[in-house]
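Numbering (our numbering), first residue to last: 153 to 469.
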């Protein structure tokens, strides 16, 4: 199988597993359990598949390794890719890595948006939901009324009335406000499950109409994704800026170490008359100390750099 085709298969498989794992984790919260561990396992498997796909993509695009590069000086300009020798600004395009990162973020945010939309279409989970699931009893609740009320500000409130009988005591008759989509989902006379505390039936919830996660959890996950997306966008902008107008220089690898199937290493390069060092990782069994590596750096801040073959953007020939 050709490396290009293999990389696409691994990348597609990895993205699917990672997204499925994230979905499983969200659906398992806050209880956790087997679904949570399944999600963690899927994300781990997806991560391995993505790394293998990126490695295959890099392997196909990587030039033959150059051995014997002098550690005392970066190689000459002939080691730099031809498309980087022309003066900037350069015309650039997303690399396979960049397309994967962009695509995964689009899918992750779309899935989160869909799950959030579904969450706010259900009743919010009560704070005591975990205790109710552990110690509560179940009964059948019958919907006896559906009402609407128009407020002065033009807003409409929706109310759901239902009755259920606890093991001890008089039947409970409840009337509560609900989201419009919950109101549209039920009809008078419907039977739904209710979970209640035997000694305090007023403490209960309707599993079929209640979100599996709390609103606080949805907000927390959204905040984490927002921060991660902001970091990813900052990285994308940096990679694009360096690909468009960054200074290209040939550096050399050093301190190559094997960590599982991945090589971690340093890239030394000279910028503005000073030796700079960049840390990098890649799945490349042929990587050795002293090999030439093209680095793109910001002339204003020489330490702000990226290994060209690891970047999210590449210069067009």
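Quick reminder that beta carbons are idealized off the backbone N, C-alpha and C, glycines included.
Shown here, residue 325 sits in a strand according to DSSP, grouped into three states. Proximity of the stretch 356-363 to the stretch 246-265 falls short of the contact definition, fewer than three beta-carbon pairs being nearer than 8 Å. With contacts defined as CB atoms closer than 9 Å, residue 462 and residue 423 fail to qualify as a contacting pair. For residue 370, the CB contacts under 7 Å within the same chain, skipping 5 residues up- and downstream, are 268 and 271 in chain order. Here residue 415 really is in contact with residue 436; their C-beta atoms are around 6 Å apart, less than 8 Å. In this structure, the alpha-carbon of residue 409 lies about 9 Å from that of residue 441. Below 8 Å, enough C-beta pairs join the stretch 311-320 and the stretch 341-353 to call them touching: three or more. When C-alpha distances from residue 446 are compared across 325, 402, 289 and 413, the shortest belongs to 402. Remark: C-beta atoms of residue 346 and residue 292 approach each other more closely than 9 Å. Look at residue 373 here: in three-state DSSP terms it is helix. Counting only unbroken stretches of 3 or more residues, the beta strand (DSSP E) elements lying wholly within the stretch 332-417 are 343-349, 352-357 and 399-411, in sequence order. Per DSSP, reduced to three states, the secondary structure at residue 424 is coil, with no helix or strand assignment. Non-local C-beta neighbours of residue 396 in its own chain, meaning closer than 7 Å and more than five positions away in sequence, comprise 240, 241, 242 and 244, ordered along the chain. The straight-line gap separating the alpha-carbon atoms of residue 453 and residue 387 is approximately 15 Å. For residue 298, the enclosing beta strand (DSSP E) has its first and last residue at 289-302. Counting C-beta atoms within 10 angstroms of its own C-beta, residue 464 has 16 or more neighbours from the protein chains shown and is therefore classed as buried. Counting along the chain, the unbroken alpha helix (DSSP H) around residue 248 starts and ends at 248-271. With contacts defined as CB atoms closer than 9 Å, residue 335 and residue 298 qualify as a contacting pair. For residue 313, the enclosing beta strand (DSSP E) covers residues 308-316.
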